[in-house]
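Position 50 (the sequence shown) corresponds to 184 in the working numbering; numbering is contiguous. C-beta atoms are modelled at their ideal positions from N, C-alpha and C, and glycine is treated no differently. Please read the structure below before turning to the comments.
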Amino acid sequence: MSYIMRNITDIARCAAQYRSEELAPLGLKACHASYLCVICNNPGITQDQLAKKIFINKSNVARQLAILEEDGFVRRQSAPEDKRAMQVFPTQKTLDCLPKITQIFETWEALVAQDLTDEEKTMMTSLLDKVKDRAGQWMDEH
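Set out below in structure tokens:
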């Protein structure tokens with residue numbers, strides 16, 4: 135594995151562990167935070183759109199949304215224009231948790247970036263955006 139990818143993978147694993155610990159009191163798992171943030175920012179997003187937006191395959195998204203729905207974090211309904219498509223909406227429970235979820239993301243970012251200058255943070259954000267865009271292009275093509 136390349137040095138860049140190994141570091142990205144290691145950082146992602148550490149971030150997931152941090153989110154797991156911080157989200158547990160809310161009854162959420164690490165992966166759920168990104169789902170809920172996107173759903174809150176895009177109420178009515180379809181499951182397929184959500185899968186593309188967070189780069190997770192459709193079957194995993196459906197499985198996690200079933201868990202979130204059962205636990206009262208989201209509500210799913212058939213899309214009016216296409217009954218086969220499922221739209222996802224946040225519940226009040228999620229809206230109440232959103233500030234804590236946002237704080238967890240912000241705290242993690244501050245923790246891992248605390249030794250970087252503002253210029254380094256800006257540069258790293260720009261470089262990671264380029265890498266993410268290229269990865270997203272690959273996902274769109276496959």
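In the DSSP assignment, Ser-212 falls within the beta strand (DSSP E) that extends over 208-212. With contacts defined by Cβ atoms closer than 9 angstroms, Cys-174 and Pro-214 do not form a contacting pair. Annotated three-state conformation of Phe-239 is helix, per DSSP. With a cutoff of 9 angstroms on beta-carbon distance, Lys-186 and Asp-274 are scored as near each other. Relative to the Cα of Gly-206, the nearest Cα in the group Ala-150, Thr-251, Asp-230, Lys-234 belongs to Asp-230. Looking at the DSSP output, Met-220 sits in a beta bridge with Ser-212.
Measuring C-alpha to C-alpha distances from Pro-159 to each of Gln-248, Gln-226, Ile-238 identifies Ile-238 as the nearest. Checking the DSSP bridge columns, you'll see Thr-180 partnered with Gln-221. Residue range 252-275 is occupied by the alpha helix (DSSP H) that includes Met-273. Around Leu-232, the same chain offers Cys-174 as residues with beta carbons nearer than 6 angstroms, after the five sequence neighbours per side are excluded. Of the other Cβ atoms in all chains shown, 16 or more fall within 10 Å of the Cβ of Arg-153; this residue is therefore buried. Contact check for Gln-181 and Lys-192: beta-carbon distance about 7 angstroms, within the 8 angstroms limit, so the pair qualifies.
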